[in-house]
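Taken in order, these protein sequences are the chains called A and B. When we follow my numbering, the leftmost residue of the first sequence carries the number 2, and every step to the right adds one. When we follow my numbering, the leftmost residue of the second sequence carries the number -2, and every step to the right adds one. Cβ atoms here follow ideal geometry from the backbone N, Cα and C, with glycine treated the same way. Notes follow once the structure below has been shown.
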Amino acid sequence: SQQGEEDPQALSIQEGENATMNCSYKTSINNLQWYRQNSGRGLVHLILIRSNEREKHSGRLRVTLDTSKKSSSLLITASRAADTASYFCATDGPTSGSRLTFGEGTQLTVNP
Amino acid sequence: GAVVSQHPSWVICKSGTSVKIECRSLDFQATTMFWYRQFPKQSLMLMATSNEGSKATYEQGVEKDKFLINHASLTLSTLTVTSAHPEDSSFYICSASWNRVDGYTFGSGTRLTVV
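In structure tokens:
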């Protein structure tokens, strides 16, 4: 079952703007991961943040994690049209047996 | 590194036939692989965990006789959709991880259309 909820479900912005997507989860986690999926394609791993980390950066990506609120956010700065895709958060928990549980995803559209 | 190859990328089959999808880890050994199903504009639903040398672990509600999983080697897992019906049409994706610390690698997915 899906334990993650993401908002917004869809986000449309202009190139150069920042995009923020949020993810909430319900159970304890070892880590939380963000993935990107272009339409009809597989998933690409973007970034992983451990439960004892609060913030992580990778290029134009910034991820935060608040375990007290069971939530995470993904910020994409200076967005580009090529960033258009669906973004999913996924949690890996201590009782998951290494199985990932995915959120519902956010469809990001970056208009040129 | 950590590449997962999935084949075929798309397949069209007739109702009642069986379809096999392959998932290979190209540059690492994967004792565990995962199979997901994704409907249009929806998230990924885990179907089963494929364990090398042992039986797959299926998620609740997934018919093990319908979706046969074989993980005969450390680099290959296969998903066979048996007696396919139109409602089995979906996007199937596999994944594996050589190191949970660095996340999981996903195959490119297989678009199955049953007519």
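For chain A, find out if any of its Cβ atoms is closer than 9 Å to the Cβ of B:Q39; answer yes or no. Mapped onto the second sequence, residue 39 of chain B falls at position 42. With respect to chain A, the C-beta atom of B:Q39 has a partner C-beta closer than 9 Å.
Residue from B:V0, B:Q3, B:K61, B:G13 with nearest C-alpha to B:H82: Translated into the one-based positions of the second sequence, residue 82 of chain B becomes position 85. Ranked by how close their Cα comes to the Cα of B:H82, the residues B:V0, B:Q3, B:K61, B:G13 have B:G13 in first place.
DSSP three-state label for B:G69, please. The residue given as residue 69 of chain B occupies position 72 in the second sequence. Looking at the sequence shown, residue 69 of chain B is not Gly but Ala. B:A69 falls in the strand class under three-state DSSP.
Residue burial classification, A:G60 (beta-carbon count within 10 angstroms, cutoff 16): Residue 60 of chain A sits at position 59 when you count from the first residue of the first sequence. The residue in question, A:G60, is exposed, as its Cβ has fewer than 16 Cβ neighbours within 10 Å.
What separation, rounded to the nearest whole angstrom, lies between the Cα atoms of A:S96 and A:A82? Here residue 96 of chain A refers to the residue found at position 95 when the first sequence is read from its first residue. Here residue 82 of chain A refers to the residue found at position 81 when the first sequence is read from its first residue. Contrary to the premise, residue 96 of chain A reads as Thr rather than Ser in this sequence. Straight across, the Cα-Cα distance linking A:T96 with A:A82 is about 38 Å.
Using the Cβ count rule (16 or more neighbours within 10 Å means buried), how would you classify A:D67? Working through the first sequence from its first residue, we reach residue 67 of chain A at position 66. Flag for A:D67 reads exposed.
Residue span of the beta strand (DSSP E) that contains B:Y89, given as start and end: Residue mapping note: residue 89 of chain B aligns to position 92 of the second sequence, counting from 1. Following the DSSP letters along the chain, one finds B:Y89 inside the beta strand (DSSP E) bounded by residues 87 to 93.
Alpha-carbon spacing of A:F89 relative to A:W35, whole angstroms: Your numbering for residue 89 of chain A matches position 88 in the first sequence. Your numbering for residue 35 of chain A matches position 34 in the first sequence. Rounded to whole angstroms, A:F89 and A:W35 show a C-alpha spacing of 6 Å.
Along the stretch 63 to 82 of chain B, where does the CB come closer than 9 Å to a CB of chain A? Name the residues. From the stretch 63 to 82 of chain B, no residue has a Cβ closer than 9 Å to chain A.
Going along chain A in order, which residues have a C-beta closer than 7 Å to the C-beta of B:G50? Translated into positions along the second sequence, residue 50 of chain B becomes position 53. Ordered by position in chain A, no residue passes the 7 Å Cβ test against B:G50, which lies about 16 Å from the chain.
For B:I90, which residues in chain A fall below 8 Å Cβ to Cβ? The residue labelled residue 90 of chain B in the question sits at position 93 within the second sequence. Correct list: G43, L44.
So for A:D84, helix, strand or coil by DSSP? By one-based count along the first sequence, residue 84 of chain A stands at place 83. Three-state result, A:D84: helix.
Same chain, Cβ closer than 7 Å to A:Y39, five either side skipped, listed in chain order: Here residue 39 of chain A refers to the residue found at position 38 when the first sequence is read from its first residue. Per the sequence shown, residue 39 of chain A should be read as Asn rather than Tyr. So the qualifying residues of the chain are A86.
Cβ of A:Q3 less than 9 Å from any chain B Cβ? In the first sequence, the residue the question calls residue 3 of chain A occupies position 2. At A:Q3, the pLDDT of 39 sits below 50, so the modelled position is not reliable; the number obtained from the coordinates is stated separately. Yes, A:Q3 counts as interfacial toward chain B.
My guess is that B:S105 and A:R42 are in contact by the Cβ rule of under 8 Å, so how many angstroms apart are they, rounded? Against the second sequence, residue 105 of chain B aligns to sequence position 108. Against the first sequence, residue 42 of chain A aligns to sequence position 41. With a Cβ gap of about 6 Å, B:S105 and A:R42 count as contacting.
Can you find a C-beta in chain A that's less than 9 Å from the C-beta of B:T110? As a position in the second sequence, residue 110 of chain B is number 113, starting the count at 1. So, not an interface residue.
Chain-ordered neighbours of B:Y101 on chain A, where CB pairs are closer than 7 Å: Position 104 of the second sequence holds residue 101 of chain B. Per Cβ cutoff of 7 Å: H46, L101.
Under 9 Å between C-beta atoms of A:T107 and A:L12: By one-based count along the first sequence, residue 107 of chain A stands at place 106. By one-based count along the first sequence, residue 12 of chain A stands at place 11. Their beta carbons are under 9 Å apart, which means A:T107 touches A:L12 by this criterion.
From A:N31 to B:V78, what distance separates their C-alpha atoms? Counting from 1 along the first sequence, the entry for residue 31 of chain A is found at position 30. Counting from 1 along the second sequence, the entry for residue 78 of chain B is found at position 81. Distance between the alpha carbons of A:N31 and B:V78: 33 Å.
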